[in-house]
Structures are given as C-alpha cells and as structure tokens.
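Student: Residue 423 is where the sequence shown starts when you use this note's numbering, and the numbers rise one by one after that.
Every residue, glycine too, gets a C-beta built ideally from N, C-alpha and C.
Because the structure is a prediction, the values reported are computed rather than measured.
Following this message is one structure expressed as structure tokens.
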Amino acid sequence: MSVSDIPYRLGLQQRVLAPYRAPFFDALAGACSKGLSVFAGTARPEETIGPPAALETAAFYPAHNLHLLSGRFYLCWQFGLLRWLHDWQPEVLVAEANPRYAHTPAALDWMQRRGRPVIGWGLGAPPTAAGWRDRSRRRFLARFDAMITYSQKGAEEYAQAGLHPGRIFVAPNAVAPRPQGEAPLHGAGEAGRPVVLFVGRLQPRKRVDLLLRACAALPAERRPQVWI
423 MSVSDIPYRL GLQQRVLAPY RAPFFDALAG ACSKGLSVFA GTARPEETIG PPAALETAAF
483 YPAHNLHLLS GRFYLCWQFG LLRWLHDWQP EVLVAEANPR YAHTPAALDW MQRRGRPVIG
543 WGLGAPPTAA GWRDRSRRRF LARFDAMITY SQKGAEEYAQ AGLHPGRIFV APNAVAPRPQ
603 GEAPLHGAGE AGRPVVLFVG RLQPRKRVDL LLRACAALPA ERRPQVWI
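Given below as structure tokens:
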C-alpha cells in the first residue's frame, strides 16, 4: 500500500483544528480513497489559536467544546462526537489519546462495538504517582489499537504505561521533508551579536516575557538580538 492509497473511510478527532495542521489534513484526505472527515471545536481565547482552520479537501464537522476547569484539572467535553461518528461512519478513527477529553471513551465504545480500529496520537504519557489516576490512564490507553507519537521519548513513555512497543509508532512533528544539501551559512547578527530566535504562539504559557528579561539582563557585550 502506498501513501497515496489509503482504502478506508477515515475519521479524525481533534480538540481544536489549528491552522498549521490544515495543509497536512488536506494532503491526508487526498490520499484517502473514501474520504477524511475532521471533527474539531474551538480553543479557549487565552490559547491564541483562533477559529478552526478552513479545509479544502478534507470534510469538516464542527464540535462544541465545553472547557471545564484549568491546569492539571482541565477537562474538555466535545458535544456532537457520537452524532459525527453516526453520520460519517468511519472505518478507522484517529483520536487524541488524552484522558482529559471526557467524551473520547464513548467514541472508543462506538467504534469497538462495530469492530473498527481506533488509532491514538499524543505527545506521550509522563509518569504519574501510582494510584487511581495511573490505573485509569493505563486502562484508557490500552483501548487504542495503535499509538502515534512525535518522539522516541513519547514512545518510551507509552511503553512504560503498558502499551506493547509493536503498537507504538513515531512520527516526527513535521510535515515538510528534510532539506536537501548543506545548510546555508548565516552571519553572526548585527555587529557580531548572537541571535536568539523564538518560533511559537504568543501566549502567556510560552513565557516570552521571561526570555526578553533574561536577554536584557546579560552584559551589553553578550546581549543577543531576539527575533520573534
């Protein structure tokens, strides 16, 4: 089977549809002979993600996200998930493997009653103290037929959480091919000053303010330029 021949009706659940993921989802939809539908809702304002991105090839089904609490107690309930599954009838579901999304177990039940596989994806499963929370997460992760993660570290954490290594796949967090040839040479910055580059969303948890204060606190001869 080639990457351009995925003979399944694919469903993909996301908490939110970030703009930088839209090109990948459209490319994936183009490879699915029976189509791809993305189920996603909107983020909290403080996440600075914005409204769901527009999809050109993949179908989009809007979710209604109810965000509850915050921090380590955060939960998200996605209304409309089971209706989407009923309407789209995916043969394979790809879902975020995050136990904080309270409706995901219902989606797992729906797919598994019909004998259809569910692939999870996530950053990893950092160790937690032994107890109810750890046992609950292990039971949740064990329900996925396979797991995709961005890094080898994430794969190791999922294995430590009880998933069989043969069910874990590493997909580096990039959608562009590796550049060919040697990297171009860049100057050392203005008047020989080093350059510090920040790439990411401008939101409080990224602590760009701390980066600026740390650079400003350096002696003048060592103070870098900061590009954001």
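1) Quick one: Cα of His525 to Cα of Thr550, how far?
2) Run through DSSP, which three-state label would Val621 get?
3) For Tyr442, which beta-bridge partners are listed by DSSP?
4) Closest to Asp567 by C-alpha separation, out of Gly584, Ala465 and Tyr496, would be which residue?
5) With which residues is Ile471 paired in a DSSP beta bridge?
6) Considering only the alpha carbon of each residue, which of Gly452, Ser492, Gln602 and Arg431 lies closest to Met507?
7) If contacts are defined as beta-carbon pairs under 8 Å, then Tyr523 and Arg437 qualify, I think. What distance do you get, rounded to the angstrom?
8) How many Å lie between Ala593 and Leu632 at the Cα?
9) Would you tell me roughly how many angstroms separate the C-alpha atoms of Glu643 and Gly614, rounded to the nearest one?
10) Taking the continuous alpha helix (DSSP H) assigned at Cys454, which residues delimit it?
11) Have a look at Ala528 and Ala639 and give me their C-alpha separation to the nearest angstrom.
12) If you draw a straight line from the C-alpha of Tyr483 to the C-alpha of Ala449, how long is it?
13) Between the segment 457-471 and the segment 541-548, can you find at least three pairs of beta-carbon atoms closer than 8 Å?
14) Under 8 Å, do Val540 and Leu515 count as touching if we go by C-beta distance?
Tutor: Concretely, from the data shown:
1) 22 Å
2) coil
3) Per DSSP, none; premise fails for Tyr442.
4) Checking every option, the nearest Cα to that of Asp567 belongs to Gly584.
5) In the DSSP output, where bridge partners are listed per residue, Ile471 has none listed.
6) Strictly speaking, residue 507 in this sequence is Leu, with Met absent from that position. It is Arg431 whose Cα lies nearest to the Cα of Leu507.
7) 6 Å
8) One alpha carbon belongs to Ala593, the other to Leu632, and they sit about 31 Å apart.
9) So the two alpha carbons sit approximately 10 Å from each other.
10) That residue, Cys454, is in no alpha helix (DSSP H); it is neither H nor E in DSSP.
11) One C-alpha to the other measures close to 51 Å.
12) Distance between the alpha carbons of Tyr483 and Ala449 is about 17 Å.
13) no
14) yes
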